[in-house]
Amino acid sequence: MTSPLILRLRHHGKLGDRAAQALLACRKRNRLVEPGHCLMRQAERTSSLFWIESGWAMRYRNLANGRRQILNMLLPGDICDLQGLIDTRADHSVKAMTAVMLCEVDPARFLQLLHDDPEVATSLLWSVVQEEGILREHIVRIGRRSARVRLAHLLLELVRRQALGGGPSDGLVEVALTREVMADCLGLTPVHVSRTLSELRREGLVVLEAQGRLRITDIDALAREADYDTRYLHLARPDHALDLAGAGQA
């Protein structure tokens with residue numbers, strides 16, 4: 008089975024088999040952690056480097072008043088955390104949302120590979136550019152979009168991103184998201200999230216399925232309402248309904 012990291016990087020379109028094998032050779036070991044396990048702690052020194060092989064995690068910042076802002080979700084194929092290559096103090100925390108299989112990487116070997124192999128370096132640069140695009144979109148989402156559009160936009164993004172690593176592409180959000188998690192991600196209250204989600208469900212745009220997972224039932228309609236455009240993900244080729252739904256939007 009192809010690693011989710013390789014599947015994701017190939018959406019840049021420039022990672023061949025030789026380079027993929029060289030990247031996978033940087034692995035030290037796989038490690039399974041339980042839901043709620045802290046993978047990286049804010050303000051602590053970090054020198055680790057890993058990618059998510061399976062499961063979901065979250066990046067977040069804790070504030071002095073006890074409140075939390077979720078910065079983004081880490082899905083299979085996402086790398087965490089390149090800042091470990093410069094052995095610095097973490098400016099955020101990372102916690103497992105589900106059971107997570109980590110693929111730990113040898114930092115020295117990884118750095119040497121980036122130096123020696125332009126194909127791998129270019130693919131990893133694309134990964135950084137994509138994450139920057141996701142964070143820019145997140146700023147716009149919580150700063151200028153309505154609560155309804157914030158929620159719709161987040162669900163659409165998660166559906167598209169999970170497919171990059173080989174996850175479902177049919178509108179199902181693979182992991183059940185609590186109202187609290189969605190609220191802390193979107194700068195809303197859990198009550199506001201619940202009310203907004205109920206609106207979308209009444210209108211038939213999303214449904215709640217087994218184990219509390221959400222499914223988008225009409226991707227095109229929700230994408231139009233949320234003004235969703237996947238160009239911020241910097242994908243080399245459109246291969247999902249969402250890539251086409253946003254095509255041509257300003």
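Position one of the sequence shown corresponds to residue 8 (our numbering), numbered consecutively onward. By construction, the Cβ of each residue, glycine as well, lies at the ideal position given by its N, Cα and C atoms. Keep in mind it's a predicted model, so treat the numbers as computed, not measured.
- When G150, L22, L92, H19 are compared, the shortest CA-CA separation from R52 is found for L92.
- Taking the Cα of A170 as reference, the smallest distance to any Cα among A230, L249, P197 is reached at L249.
- Judged by beta-carbon spacing, L46 lies beyond the 7 Å limit of V112, meaning their Cβ atoms are not closer than that value.
- The beta carbon of W58 sits closer than 6 Å to the beta carbons of L12, I86, C110 from its chain, once the five residues preceding and following it are set aside; these are given in chain order.
- Excluding the 5 residues flanking it on each side, H241 has same chain C-beta neighbours closer than 7 Å at W133, V136, Q137, G140, in chain order.
- The count of Cβ pairs closer than 8 Å, one atom from the stretch 221-238 and one from the stretch 159-170, reaches three, so the stretches are in contact.
- Leaving aside the five residues that flank T105 on each side, the residues in its chain whose CB is nearer than 7 Å to its CB run, in chain order, P42, G62, W63, V182.
- In this structure, P175 is the residue among T129, P175, T237 with its C-alpha nearest to the C-alpha of P83.
- Annotated as proximal: G173 and L14, with beta-carbon spacing under 7 Å.
- For D234, the number of other beta carbons within 10 angstroms of its own is below 16, and it is reported as exposed.
- Take E144, set aside five residues on each side of it, and the residues of its chain with a beta-carbon closer than 7 Å to its own are Y239, in chain order.
- Here T185 carries a coil assignment [DSSP, helix/strand/coil].
- C-alpha of L204 to C-alpha of R25: approximately 45 Å in a straight line.
- Nearest Cα to H247 within the set V198, P197, V166: V166.
- For Y235, the three-state secondary structure derived from DSSP is coil.
- In the DSSP assignment, E111 is bridged to R36, F57.
- In this structure T9 is exposed. Its beta-carbon is surrounded by fewer than 16 other beta-carbon atoms within 10 angstroms.
- Exclusion of the five residues before and after R68 leaves Q76, H99 as the residues of its chain whose Cβ lies within less than 6 Å of its Cβ.
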